[in-house]
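*Asks:* Supplied in C-alpha cells, the structure appears directly below.
Chains as they are written, first to last, in the numbering used here: chain A, 37 to 394; chain B, 5 to 299.
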C-alpha cells in the first residue's frame with residue numbers, strides 16, 4: 037500500500053517538473069483521443085505542437101505566437117496575483133470585453149480626427165473600463181460579502197450582452213451597410229494597434245505584456261504589498277493579525293487584474309480583432325486562468341505557459357486547416373492540461389511513501 | 005392579457021434545469037464539496053442526453069444517459085479533489101472548461117438536428133418538470149430525516165469529527181459529487197431535449213453558474229433552492245415576454261436580466277448572511293476544504 041506524507045516545504049523540483057509532466061500527459065491523452073476519433077495521432081500532435089514553430093508555413097504562423105500569447109500573459113499576470121491571495125477573479129473574460137468596448141469608444145468618439153493622443157487615451161480607457169468591471173465584484177464582496185467568483189462570472193454574461201448591444205446599436209458602423217459591428221479600427225490609423233516590427237507579430241499589447249511580467253515580478257518579490265498578498269494566501273488569519281486589510285487586498289487584486297484584462301481587450305480591438313462585434317469575447321479570459329496555474333502563478337512561468345497555450349491556438353487552427361480537426365479540440369486540450377496539472381500537483385505537496393504494515 | 009396559468013407553466017419549465025443542477029450542488033456542498041464544474045457537467049449532460057435521445061428516439065433514455073454522463077464526468081473532479089487533494093476551486097473550473105470543450109468537440113455532427121418529441125405528462129406538463137419538483141421534498145427528506153443524510157451533513161460540517169467517528173469522508177464526498185453530476189446532467193439535458201429542442205454549442209449559457217448562486221441564495225436548503233429556481237424562472241419568462249411584446253428596450257439588454265437578477269439576489273442574500281452569521285445559519289463548516297487523514 038502507498039500513503040501520502042505531507043511535505044514540510046513544497047518541492048521546488050516538482051514545481052518545475054509537474055507542468056512539464058502535465059504537458060506530456062496531455063499530448064499522450066490527446067493523441068489517444070485523436071486515434072479514437074479516427075485521426076492520425078502522431079500527425080495531429082506534430083501539427084499542433086511542432087509545425088507552427090518549425091513546419092512548412094512556420095514563417096507565417098510564428099509571428100502569430102506573440103499575437104496570441106500577449107493577451108494571455110497580460111491577463112494571467114493579473115489573475116495570478118489575486119489567486120496567490122486566495123481572491124478568485126474568474127470574470128477576466130468580462131473585463132476584457134468591457135476594456136475593449138471602453139477603449140474603442142474613445143476611438144469612435146474621436147473619429148475622424150487625427151491626433152497623437154488618441155491611442156494612449158484608448159489604452160487608458162481600456163484599462164479603466166476593465167478596472168471598473170473588476171471593481172464591481174470587489175466592492176460587492178467587501179460591502180456585502182458576496183462571492184467574487186460568482187459575481188465576476190455573471191458579469192461575463194452581462195458584458196457579452198453589452199458587446200452585442202454595442203455592435204447592433206450605439207457603436208454600429210454608420211457606413212457598414214447595416215451589418216452589425218463597429219468601425220474597423222485597423223483602418224483608422226491614429227487608433228490602430230499595428231505590428232511594431234515587421235514579421236514578428238509584436239504590437240503594443242506584446243510590449244504591455246512584457247512590462248506586466250516585470251512589474252508583477254517586482255510587486256510580488258520587492259514590494260510590501262506582494263508580501264501581504266502572499267501572506268494572505270498562505271495564512272489568512274495570521275495576515276489579518278499582522279495588519280493586512282483583506283478589503284484593501286480584494287480591491288487591489290480585482291482592480292489590477294481587471295485593468296490588465298481591459299488593456300488586453302483594448303489591444304485586441306485596436307489590433308487583431310479590429311472591431312467590436314457581438315462575438316468580441318474570445319475566451320482569452322478563461323484560457324488565462326489555465327496560463328496562470330500552468331505558470332505556477334509565477335511571472336516567468338506565466339510567460340512560458342502563455343507561449344505554450346498560444347501555440348495550441350495556432351497549432352489548433354493549423355490542424356483545422358490541414359487535418360480537418362474540429363475547432364473545439366484546442367479547448368479540450370487546454371482543459372486536459374489543467375486537469376493533469378492539478379492532479380500532478382499532489383507531488384509538490386506530498387511525498388509518496390510505502391505504508392508499513394502494522 | 006397574459007394567462008397566469010400559462011405563465012406559471014412557462015416559469016416551471018424555465019426553472020427546471022437550474023432546479024436540478026442546484027439540488028445536486030446543494031447535496032455536494034452539504035457534504036463539504038464546492039464543485040464549480042456545474043456548467044461543465046450540465047453541458048455534458050445536454051450533449052450526451054440529446055445524442056442518446058436522437059439515436060434511440062426516446063427522450064427518457066436521453067435523460068438517463070445524461071444523468072450517467074454528468075455523473076461520469078464529475079468523477080474526474082472527485083478524483084482530483086478527493087484522491088489527489090487538488091484545490092476545489094481550480095478543479096471545478098477545469099471541469100467546466102473541459103466539459104465545454106468536450107461537448108463542443110463531440111457535438112459538431114449533431115448541429116441542426118431536431119430532438120424527438122416528448123409525450124406530455126400529467127396536466128400537459130413535461131415528466132421531467134414533475135420529477136424536478138418531486139426531487140425537492142426527496143432531497144429535503146434525505147438530508148434532514150435519514151441517517152445517511154445526517155452522516156453526509158456531518159461530513160460537510162466537520163470532516164475531522166466525522167472521520168474520528170469512523171465515517172468515510174472520502175466515500176461520502178465522492179457519492180455526493182456523483183449525485184451532483186447526475187442532477188446537473190439531467191438539468192442540462194432538459195435544455196437540449198425539452199426546451200431548445202436541438203444541440204448548439206455553449207447552450208447552457210451560464211445556467212450552471214446561476215445554479216451555484218442559487219445554492220447560496222437558498223441558505224443551503226432544498227426549499228430555498230426551489231424558491232431561487234422559481235425566481236430565476238420568473239425573471240426569464242418575464243424577460244422573454246417583454247421581448248415578444250416588443251418593448252422599446254434593446255433585446256440584448258433585456259436578455260441580461262437573468263444574470264443581473266442573479267447578482268442582485270446574491271448580494272442581498274450575502275448581506276443578510278453576513279449580518280446573521282453570528283446566529284449560526286450559514287454555509288457548511290468544511291465547505292471547500294480538502295480532507296487528508298494522516299492515519
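A virtual CB, placed ideally from N, CA and C, is assigned to each residue, including glycine.
Are residue 432 of chain A and residue 285 of chain A touching if we call contact CB-CB under 7 Å?
*Replies:* Because chain A spans 37 through 394 in this model, residue 432 of chain A falls outside it and cannot be assessed.
*Asks:* Per DSSP, what kind of secondary structure is residue 41 of chain A in: helix, strand or coil?
*Replies:* Residue state, collapsed to three classes: strand.
*Asks:* Determine the direct distance from the alpha carbon of residue 161 of chain B to that of residue 290 of chain B, and round the result to whole angstroms.
*Replies:* Those two C-alpha atoms are separated by around 5 Å.
*Asks:* Between the beta-carbon of residue 81 of chain B and the beta-carbon of residue 39 of chain B, is there less than 7 Å?
*Replies:* Contact flag set, yes.
*Asks:* What are the start and end residues of the beta strand (DSSP E) that includes residue 386 of chain A?
*Replies:* Residues 386-390.
*Asks:* For a contact meaning CB atoms closer than 9 Å, what does residue 118 of chain B contact in chain A?
*Replies:* Per Cβ cutoff of 9 Å: no residues; residue 118 of chain B is ~22 Å from chain A at best.
*Asks:* Answer with buried or exposed for residue 178 of chain A, where buried requires no fewer than 16 other C-beta atoms within 10 angstroms of its C-beta.
*Replies:* With 16 or more other Cβ atoms within 10 Å, it is buried.
*Asks:* Quick check for students: name the residue ranges of the alpha helix (DSSP H) that lie wholly in the region 113-193 of chain A, counting only runs of 4 or more.
*Replies:* Whole alpha helix (DSSP H) segments, 4+ residues: 128-146, 154-180.
*Asks:* Can you give me, in chain order, the residues of the region 59-76 of chain B that have a beta carbon less than 8 Å from any beta carbon in chain A?
*Replies:* Hits within the stretch: zero.
*Asks:* Could you give the DSSP three-state label for residue 296 of chain B: helix, strand or coil?
*Replies:* Residue state, collapsed to three classes: coil.
*Asks:* In terms of alpha-carbon separation, which member of B/185, B/233, B/208 lies closest to residue 20 of chain B?
*Replies:* Here the closest residue by C-alpha is B/233.
*Asks:* Determine the extent of the alpha helix (DSSP H) in which residue 174 of chain B is found, giving its start and end residues.
*Replies:* That run of the alpha helix (DSSP H) goes 173-193.
*Asks:* Does residue 89 of chain B pass the burial test, meaning 16 or more other C-beta atoms within 10 Å, or should it be called exposed?
*Replies:* Buried is the call here.
*Asks:* Hey, how far is the Cα of residue 299 of chain B from the Cα of residue 292 of chain A?
*Replies:* At residue 299 of chain B, the pLDDT of 49 sits below 50, so the modelled position is not reliable and the matter cannot be decided from this model.
*Asks:* Going along chain A, which residues have a C-beta under 8 Å from residue 260 of chain B?
*Replies:* Chain A residues near residue 260 of chain B: 193, 194, 197, 198.
*Asks:* Are any of the Cβ atoms in chain B nearer than 7 Å to that of residue 190 of chain A?
*Replies:* Yes, residue 190 of chain A lies at the interface with chain B (some Cβ there is under 7 Å from its Cβ).
*Asks:* Would you call residue 45 of chain B buried or exposed, if buried means 16 or more other Cβ atoms sit within 10 Å of its Cβ?
*Replies:* Looking at its Cβ environment, which holds 16 or more other Cβ atoms inside 10 Å, residue 45 of chain B is buried.
*Asks:* Name the residues in the region 205-238 of chain B whose C-beta lies less than 9 Å from a C-beta of chain A; which are they?
*Replies:* Against chain A - using a Cβ distance shorter than 9 Å - the residues of the region 205-238 of chain B are 205, 209, 210, 213, 214, 216, 217, 220.
*Asks:* Is residue 271 of chain A close to chain B? Criterion is C-beta to C-beta, closer than 7 Å.
*Replies:* Chain B contact via Cβ: absent.
*Asks:* Tell me, please, whether the region 144-162 of chain A touches the region 352-366 of chain A by the rule of three or more beta-carbon pairs shorter than 8 Å.
*Replies:* They do not touch, by the three-pair rule.
*Asks:* Can you have a look at residue 233 of chain A and say buried or exposed, based on whether 16 or more other CB atoms are within 10 angstroms of its CB?
*Replies:* When all chains shown are included, residue 233 of chain A counts as exposed.
*Asks:* Suppose you measure from the CA of residue 274 of chain A to the CA of residue 257 of chain A; what does that come to, to the nearest Å?
*Replies:* Residue 274 of chain A and residue 257 of chain A: Cα-Cα distance of roughly 20 Å.
*Asks:* Taking Cβ-Cβ distances below 8 Å as the criterion, which residues of the region 104-122 of chain A are in contact with chain B?
*Replies:* Residues passing the 8 Å Cβ filter: none.
*Asks:* Quick one: residues in its chain with C-beta nearer than 6 Å to the C-beta of residue 136 of chain B, no 5 flanking neighbours on either side, listed in chain order?
*Replies:* The residues are 20, 23, 24.
*Asks:* Is it the case that the region 101-117 of chain A contacts the region 244-259 of chain A, given that we only count it when at least three CB pairs across the two stretches are under 8 Å?
*Replies:* With a cut-off of 8 Å, the region 101-117 of chain A and the region 244-259 of chain A count as touching, because enough Cβ pairs lie within range.
*Asks:* Where does residue 161 of chain B fall in DSSP's three states?
*Replies:* Looking at residue 161 of chain B - three-state DSSP - the assignment turns out to be helix.
*Asks:* Quick check on residue 10 of chain B: buried or exposed, where buried means 16 or more other Cβ atoms within 10 Å of its Cβ?
*Replies:* So residue 10 of chain B counts as exposed.
*Asks:* Inspect the CB distances between the region 41-59 of chain A and the region 323-338 of chain A and report whether three or more fall short of 8 Å.
*Replies:* Yes, the region 41-59 of chain A touches the region 323-338 of chain A.
*Asks:* For residue 301 of chain A, which of A/158, A/40, A/94, A/126 has the nearest alpha-carbon?
*Replies:* Comparing Cα-Cα distances from residue 301 of chain A to each of A/158, A/40, A/94, A/126, the minimum goes to A/158.
*Asks:* For residue 62 of chain A, return the contacting residues in chain B, with the cut-off set at a CB-CB distance below 8 Å.
*Replies:* Within chain B, no residue comes near residue 62 of chain A; the closest Cβ sits about 11 Å away, beyond 8 Å.
*Asks:* Is the beta carbon of residue 241 of chain B less than 7 Å from the beta carbon of residue 14 of chain B?
*Replies:* Cβ distance < 7 Å, so residue 241 of chain B and residue 14 of chain B count as in contact.
*Asks:* Please report the straight-line C-alpha distance between residue 104 of chain A and residue 96 of chain B, rounded to a whole angstrom.
*Replies:* The straight-line gap from Cα to Cα measures roughly 25 Å.
*Asks:* Report all residues from its chain with a CB closer than 6 Å to the CB of residue 266 of chain B; omit the five preceding and five following residues, and keep chain order.
*Replies:* Closer than 6 Å at Cβ, skipping near neighbours: 214, 217.
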